[in-house]
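Numbering (numbering that gives the first Met the number 0), first residue to last: 0 to 165. Take a look at the structure set out below.
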Amino acid sequence: MDDFLQNLHSPYWWLSVVTVGILLSIVAAYATRGLDRLFRYFGKKWSDRSEKSKEKFARTVAALKQSPEARAAYFREEVRHRHTAIFGAVVATFLLGLLGALSAVEPNQVIASQIVGSSKIGGLSAFVFAFYAISSCTVAFMSTASYSAAQSMARHLKAAEGHLLP
């Protein structure tokens, strides 16, 4: 604390503070311009993507409004996506449960060739654990993607003809 108070009385310290302040002000002016350009670029990309999405939605709804057969086929596809999502959630839950059950068993009981009383996890056990963990995460991700597609299709159908949804 004494060193800090001594530095406050030094003109060198005050000159360095003023110099750093001026340099930061100059850098901030250029950084602000660059950040403004960057935000404007990404804002334009975002608005273009939103416009394309709205146009695609309108085209899909217009096509569904024209044909009852197209609506029925689209509805079947939506139901298929929902069933896929439900099945994926069940499989992911099963794999996570299996992973939990295998991790509850002592490692030397999982692989019979291990030495009794050893607390090391064998290579095969680690492979099985990793396989189940990666598989359950992959299936859960695919289930989420399928559910998202079904929700998007439901919005299209609802916009085209609301009474098709249960």
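Just so you know, even glycine gets a beta-carbon here, dropped at the ideal spot from N, CA and C.
Would you mind working out which of Leu97, Val89 and Ala27 sits nearest Met141, comparing C-alpha positions? Within the sequence shown, residue 141 is the residue found at index 142, counting from 1. When each option's Cα is compared against that of Met141, the closest is Val89.
For a test of the three-state rule: what should DSSP assign to Ser151, helix, strand or coil? One-based indexing of the sequence shown puts residue 151 at position 152. Taken through DSSP and simplified to helix, strand or coil, Ser151 comes out as helix.
To the nearest angstrom, how far is the alpha carbon of Arg81 from that of Tyr146? Stepping through the sequence shown from its first residue, residue 81 is reached at position 82. Stepping through the sequence shown from its first residue, residue 146 is reached at position 147. Rounded to whole angstroms, Arg81 to Tyr146 spans 6 Å at the Cα level.
Could you have a look at Ser134 and say whether DSSP puts it in helix, strand or coil? Here residue 134 corresponds to residue number 135 of the sequence shown, with the count starting at 1. In the structure shown, Ser134 sits in a helix (DSSP, three-state: H, G or I).
If you reduce the DSSP assignment to three classes, tell me which class Met0 lands in. Translated into the one-based positions of the sequence shown, residue 0 becomes position 1. Looking at Met0 - three-state DSSP - the assignment turns out to be coil, as it is neither helix nor strand.
Considering only their Cβ atoms, is the gap separating Leu156 from Glu54 smaller than 8 Å? Walking along the sequence shown from the start, residue 54 turns up at place 55. Walking along the sequence shown from the start, residue 156 turns up at place 157. Cβ distance not < 8 Å, so Glu54 and Leu156 don't count as in contact.
Alpha-carbon to alpha-carbon, Arg39 and Ser46: Here residue 46 is taken as the residue at index 47 of the sequence shown, counted from 1. Here residue 39 is taken as the residue at index 40 of the sequence shown, counted from 1. Using only the alpha carbons, I get a separation of about 10 Å.
First through last residue of the alpha helix (DSSP H) which encompasses Ser46: Against the sequence shown, residue 46 aligns to sequence position 47. Start and end: Pro10 to Gln65.
If the criterion is Cβ atoms closer than 8 Å, does the pair Ala103 and Val138 meet it? Looking up residue 103 in the sequence shown gives position 104. Looking up residue 138 in the sequence shown gives position 139. No.
Quick one: is Val115 buried, meaning 16 or more other Cβ sit within 10 Å of its Cβ, or exposed? Along the sequence shown, read from residue 1 onward, the residue named residue 115 stands at position 116. Confidence is the limiting factor: at Val115 the pLDDT is only 46, short of 50, which leaves the residue's position unreliable, though a coordinate-based value still follows. Exposed.
Return the chain-ordered list of same chain residues with a C-beta closer than 7 Å to the C-beta of Ala159, the five sequence neighbours on each side being excluded. In the sequence shown, residue 159 corresponds to position 160, counting from 1. Within the same chain, Ala159 has close Cβ partners Val60, Leu63, Lys64 and Arg70.
Between Phe128 and Leu98, how many whole angstroms is the CB-CB distance? I'm expecting something under 8 Å. Here residue 128 refers to the residue found at position 129 of the sequence shown. Here residue 98 refers to the residue found at position 99 of the sequence shown. Their Cβ separation, rounded to whole angstroms, is 7 Å, which keeps Phe128 and Leu98 in contact under 8 Å.
Measuring only the C-alpha atoms, how far is Phe41 from Arg58? To locate residue 41, count along the sequence shown from 1; it is residue 42. To locate residue 58, count along the sequence shown from 1; it is residue 59. In a straight line, the C-alpha of Phe41 is about 26 Å away from that of Arg58.
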